[in-house]
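The next block holds one structure in the form of C-alpha cells; read it before the comments.
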Amino acid sequence: MAEVTAAMVRELREITGLGMMECKKALVETNGDLKSAEDLLRVKSGAKANKAAARVAAEGVIGAYVSADGKIAALVEVNCETDFVAKNADFLDFASKLAKLVATHDPADVPAISALSLNGGTVEAKRQSLVQKIGENLTIRRFHRLQTGAKLAQYLHGVKIGVLVEFEGQDEVGKDLAMHIAFAKPQFLSRDRVAPAVIARERDVLVARARESGKPANIVEKMVKGGLNKFLGEITLLGQTFIKDDKLTVEKMLAAKHAKLISYKFFVVGEGIEKKSSDFAAEVAAQAKAAAG
Numbered sequence: 375m376a377e378v379t380a381a382m383v384r385e386l387r388e389i390t391g392l393g394m395m396e397c398k399k400a401l402v403e404t405n406g407d408l409k410s411a412e413d414l415l416r417v418k419s420g421a422k423a424n425k426a427a428a429r430v431a432a433e434g435v436i437g438a439y440v441s442a443d444g445k446i447a448a449l450v451e452v453n454c455e456t457d458f459v460a461k462n463a464d465f466l467d468f469a470s471k472l473a474k475l476v477a478t479h480d481p482a483d484v485p486a487i488s489a490l491s492l493n494g495g496t497v498e499a500k501r502q503s504l505v506q507k508i509g510e511n512l513t514i515r516r517f518h519r520l521q522t523g524a525k526l527a528q529y530l531h532g533v534k535i536g537v538l539v540e541f542e543g544q545d546e547v548g549k550d551l552a553m554h555i556a557f558a559k560p561q562f563l564s565r566d567r568v569a570p571a572v573i574a575r576e577r578d579v580l581v582a583r584a585r586e587s588g589k590p591a592n593i594v595e596k597m598v599k600g601g602l603n604k605f606l607g608e609i610t611l612l613g614q615t616f617i618k619d620d621k622l623t624v625e626k627m628l629a630a631k632h633a634k635l636i637s638y639k640f641f642v643v644g645e646g647i648e649k650k651s652s653d654f655a656a657e658v659a660a661q662a663k664a665a666a667g
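Heads up, the sequence shown is in the numbering used here, so the first residue is 375 and it goes up one at a time.
What follows is the structure, given as C-alpha cells:
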C-alpha cells in the first residue's frame, strides 16, 4: 500500500474543501491515488470538481500588449518568489515590455524571447540584472501571441489574470467576453471541444452518486443526464451564464449581438505550479532587504 503523506492530504483538502480526516480516509481507500480519492469524495459528499485554473500557487505578473491597429496581441507570464516583488515597478515594467516584444517579434519559444534585444542588451541580460537588483529569482514562464484579421480584445484583472479574445462584432462584445472569461475561467470553448475523458470521468461520478441515492434506474438515468448537462454548461464558455445578464448564456448573448467568438486565451499567475512552503520570518527579512536595496 502506498504511503499517505500529510502533503497528499493537504492537497486533497485544497481541491475538495473537505476535512483532513475525510481526505486521509479517501486516500487510504484509494491507495494514495489523488484523482481516485477526489472522485470518491465527490461521490460520497458532493464535493465540487477541481477548478485548477483558480488555484494560484506561485507569485508573479501577467504582461499584456495589443498593437495600435488591434490586430496583434500577446500575454506573457513572468514569475518571482514573493508577492512583494510582484508589485515592484521595475518587475512590472519588464513584464510589460516582454509582452510587446512577443507581439512584435513572434518568438518560437521562451528561450527565443531571452535572446531578443531590450534596452541595448538582451532580455536575458535584463532579467539577470533584475535578479541582482531585486534579490529574487525571476523566470519567464510562458507566452501566447494572437494575430488576426478580425478583432482582438484584452483584459487584465490586476496583474494576476490576463485574457485575450479574438472575435467579430462590436468592440463592447470583446471587452465583455474578456471580463467574463477572467471571472468564469472556462476550461473549454464549447461542448464539442470537451475531451471525452473529462466527460467520462464526470459521468462515472454522477452515476455512482445517483446510485447511492437509492432511486430507480430510470430516475438515476435522468439524474445523470441532468448533472452532465449542468457540468458541461459550467466548464464551457458558450454554455456559461453570462456575467452581465443571468438570463442569457454566452452563446445566446453573442447571437443577440450578432457577434462571433473565434478564439480566446487566458493566463492565471501560478496556474499549475506548486508553491513552495516559506518561512514567514525569512520572507519578511527578504522583503526588508529588497526594500533597502
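For every residue, glycine included, the Cβ atom is placed at its ideal position computed from N, Cα and C.
DSSP three-state assignment for residue i, whether helix, strand or coil
| i | result |
| --- | --- |
| V533 | coil |
| I436 | strand |
| T390 | helix |
| Q614 | coil |
| V568 | coil |
| V450 | strand |
| A633 | coil |
| K525 | strand |
| L475 | helix |
| E542 | strand |
| K461 | coil |
| S488 | helix |
| V417 | helix |
| K549 | helix |
| S587 | coil |
| E377 | coil |
| A582 | helix |
| D467 | helix |
| E396 | helix |
| A556 | helix |
| S410 | helix |
| A574 | helix |
Proximal residues to residue i (C-beta, below 8 Å), its chain only, five neighbours per side dropped
| i | result |
| --- | --- |
| H632 | G543 |
| K525 | G444, E540, F541, E542, G543, D545, G548 |
| V581 | V594, V598 |
| I636 | T522, A524, E540, F541, E542 |
Through-space distance from residue j to residue i, alpha-carbon basis
| i | j | result |
| --- | --- | --- |
| D480 | K461 | 27 Å |
| T610 | K596 | 21 Å |
| G393 | L415 | 11 Å |
| L563 | V537 | 14 Å |
| E455 | I446 | 30 Å |
| S441 | L472 | 13 Å |
| S587 | R515 | 46 Å |
| Q521 | T404 | 46 Å |
| I555 | E608 | 12 Å |
| K399 | A489 | 50 Å |
| R429 | S470 | Interpretation of R429 is limited by its pLDDT of 35, a score under 50 that renders its predicted location unreliable; no figure is taken from the coordinates. |
| A499 | N493 | 10 Å |
| L622 | K507 | 50 Å |
| N453 | A527 | 24 Å |
| T513 | Q561 | 25 Å |
| D578 | V417 | 9 Å |
| I436 | L602 | 34 Å |
| Q502 | E433 | 18 Å |
| M395 | R585 | 25 Å |
| S651 | V505 | Note that S651 scores 46 on pLDDT, short of 50, meaning its location in the model is unreliable and no value can be drawn from it. |
| D620 | A486 | 44 Å |
| A552 | V568 | 20 Å |
Close beta carbons around residue i, own chain, < 7 Å, minus the five adjacent residues each side
| i | result |
| --- | --- |
| K353 | Past the edges of the chain, shown from 375 to 667, lies residue 353, and the structure says nothing about it. |
| A401 | The residue asked about is misnamed: residue 401 is Leu in this sequence, not Ala. Answer for L401: V378, M382, V383, L386, A411, listed in chain order. |
| T478 | none |
| A591 | none |
| K634 | F541, E542, G543, L628 |
| R565 | L606, T610, G613 |
Residue range of the unbroken alpha helix (DSSP H) whose run includes residue i
| i | result |
| --- | --- |
| Q502 | 497-508 |
| G607 | 591-609 |
Close Cβ partners of residue i (< 6 Å) along its chain, the five nearest in sequence each way excluded
| i | result |
| --- | --- |
| M627 | F616 |
| C397 | V383, L386, R387 |
| H518 | L449, K639 |
| Y439 | A448, A473, K474, A477 |
Cross-strand partners of residue i (DSSP beta bridge)
| i | result |
| --- | --- |
| R519 | A448 |
| T623 | T615 |
| I514 | V452 |
| K639 | L538 |
| F562 | T610 |
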